[in-house]
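**Student:** Submitted below is the structure of interest, expressed as structure tokens.
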Amino acid sequence: MDAAKVQDLSNATDMIPSAKFDLQASRARLGELRERNEKLKAYIFETQVFCAQAAWRAEEVRLQVMDPELRKTCERVAEVRQRAAQLEVDAAVRRGDELQVDLDEAKKQLSSFAATEQQLKLQLADSTSQLAGVREQLQQLQAKKEEEIAAARREAAASQAEVEALREQLRLAQQQVVQQEHHAAATAAAAADIAVTTTAAIADTTATPSAGDLDLLVHSSIPFPTCAAAAAASAVDWEVMASSAVEDALWKEVNDLRAQLVEVKADGRDTAERLRAVEGKCDAVLSGLDAIKSAHSTPANRCARHAPAAAATTPSPSPCLPASVGVMTRSQTRAARKGLFSPLGSHPSSGKRAQRDDRSDGNDDDVAVKRPRAN
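Residue 350 in numbering that gives the first Met the number 0 sits at position 351 of the sequence shown, and the numbers go up by one each step.
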């Protein structure tokens, strides 16, 4: 059959004329070639099917002539393979079910995680809003604290200025105290010189003083001071009064500072710097007062302070005498007679006068009445 087809094809090839041929003949020839091609394709397919069937039949024959035991083994192998395939399918199905369960559980967890994430987002938004509020409050508090610190610094600066002013006042007061001490020392020295001179003059006097002169004696450490001593005592009096005024002003300021300190301690809104500033001012003023007290505690200043007080009690009967001139008592008169002048035996006096003195009724502290001097 194949040889016939090959012959036909060779004949068809030989039949092609070398000359020109018409179009219809060529088309007809092309159609015949196509039909032959289709037939050849069908023949090839049938041949392949026949070969496959022949191979299958040969396999069947081989199996039929094969050893029965080998056949059973092959069948068992086939069954085992089929069983393995079935197990693989079952395992795949089971695995698929497990995977489906795991997938469902993962979906549930994912949904729960999504809900938790949403809740966390809400909490984050709330926390962010709260943080913004807290930040704003913190900024306000910081601004308030800065204002308070600035106010405290201003108060501290004002307190420092007040302390400097108090220090300046204290320095001036100390200078005044030093000047008063020097002036009082000079006045005391001048008064001592005047007292020595006056005592010597009285001791040299030969005249016997009368009773009226003795009654006019003055209870003072300086007998018959001069006008210069009176002026010096007046100057000391004015300086002591000025120092007392400064001390009174300082005490008033101390009391004000103490009241302010009590108010500051009662009010808890003020800072510790203000407390320390006020306490420092109080300490400075108190130390200044202590310095003034220690300066005024000298003997010269005590004499200068006591002299004006005695002067204020009794007015001076003479413009040249100091304000401390007063009327002596009888006991003071007797003491003056015994201490300042010669003994009574060397200067005879009236017997009536001596009897009157001896008949003293014990009222020595009574003020003696001034009598005119007998000629």
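Ideal Cβ positions, reconstructed from N, Cα and C, are used throughout, including at glycine. As the structure is a prediction and not an experimental result, all values here were calculated from the model.
Check whether the region 247–258 touches the region 128–146, taking contact to mean three or more Cβ pairs, one atom from each stretch, closer than 8 Å.
**Tutor:** With the cut-off at 8 Å, the region 247–258 and the region 128–146 do not touch.
**Student:** Here's the rule: buried if 16 or more other CB atoms are within 10 angstroms of the residue's CB, otherwise exposed. What is LYS106?
**Tutor:** So LYS106 counts as exposed.
**Student:** Suppose you measure from the CA of ALA163 to the CA of ASN254; what does that come to, to the nearest Å?
**Tutor:** A small fix is needed here, since residue 163 is Glu in this sequence, not Ala. If you take the alpha carbons of GLU163 and ASN254, they lie about 18 Å apart.
**Student:** Rounded to whole angstroms, what is the Cα-Cα separation between CYS50 and ARG35?
**Tutor:** The straight-line gap from Cα to Cα measures roughly 22 Å.
**Student:** If you draw a straight line from the alpha carbon of ILE148 to that of ALA157, how long is it in whole angstroms?
**Tutor:** When rounded, the distance between both Cα atoms is 14 Å.
**Student:** Going by DSSP in three states, ASP424 sits in which element: helix, strand or coil?
**Tutor:** Residue coverage of the chain in this structure runs from 0 to 374, which leaves residue 424 outside it and unanswerable.
**Student:** ASP21 by DSSP, collapsed to three states: which one?
**Tutor:** Looking at ASP21 - three-state DSSP - the assignment turns out to be coil, as it is neither helix nor strand.
**Student:** What are the start and end residues of each continuous alpha helix (DSSP H) run of 4 or more residues lying completely inside the region 103–181, in chain order?
**Tutor:** None, since the region 103–181 contains no complete alpha helix (DSSP H) of that length.
**Student:** Measure the alpha-carbon distance for ARG134 versus LYS120 and round it to whole angstroms.
**Tutor:** Taking the straight line joining both Cα atoms gives about 20 Å.
**Student:** To the nearest angstrom, report how far apart PHE112 and GLY95 are at their CA atoms.
**Tutor:** Going from the Cα of PHE112 to the Cα of GLY95 covers about 25 Å.
**Student:** Please identify the residue among ALA77, ARG26, ASP21, GLY279 whose C-alpha is closest to the C-alpha of LEU165.
**Tutor:** Minimum Cα distance to LEU165 is reached at GLY279.
**Student:** Please report the straight-line C-alpha distance between ARG75 and ALA83, rounded to a whole angstrom.
**Tutor:** Straight-line Cα distance between these residues: approximately 12 Å.
**Student:** Hey, would you say LEU169 sits closer than 9 Å to ALA290, going by beta carbons?
**Tutor:** Yes, these two residues count as a Cβ contact at 9 Å.
**Student:** Going by C-alpha distance, which of ASP101, GLN141, CYS73, ALA283 is nearest GLN159?
**Tutor:** The shortest Cα separation from GLN159 among ASP101, GLN141, CYS73, ALA283 belongs to ALA283.
**Student:** Alpha carbon to alpha carbon, what distance is there between GLN174 and HIS181?
**Tutor:** Each residue's Cα considered, the two are about 11 Å apart.
**Student:** Residues in the same chain with beta-carbon distance under 7 Å from LEU285, minus the five sequence neighbours each way, listed in chain order, please.
**Tutor:** Cβ within range, chain order: VAL253.
**Student:** Using C-beta distances below 6 Å, list every residue in its chain close to LYS40, excluding the 5 sequence neighbours before and after it, in chain order.
**Tutor:** So the list is empty, once near-sequence residues are dropped.
**Student:** Answer with buried or exposed for GLY287, where buried requires no fewer than 16 other C-beta atoms within 10 angstroms of its C-beta.
**Tutor:** Buried.
**Student:** Mark LEU256 as exposed unless 16 or more other C-beta atoms lie within 10 angstroms of its C-beta, in which case mark it buried.
**Tutor:** With 16 or more Cβ atoms within 10 Å of its Cβ, LEU256 is classed as buried.
**Student:** Per DSSP, what kind of secondary structure is ALA308 in: helix, strand or coil?
**Tutor:** At ALA308 the pLDDT is 42, less than 50, meaning the model places this residue with poor confidence; the figure from the coordinates comes in the next sentence. It is helical.
**Student:** Please classify VAL195: is it buried, with 16 or more other beta-carbons within 10 angstroms of its beta-carbon, or exposed?
**Tutor:** When all chains shown are included, VAL195 counts as exposed.
**Student:** Rounded to the nearest angstrom, what separates ALA90 and PRO67 at their Cα positions?
**Tutor:** So the alpha carbons of these two residues sit roughly 33 Å apart.
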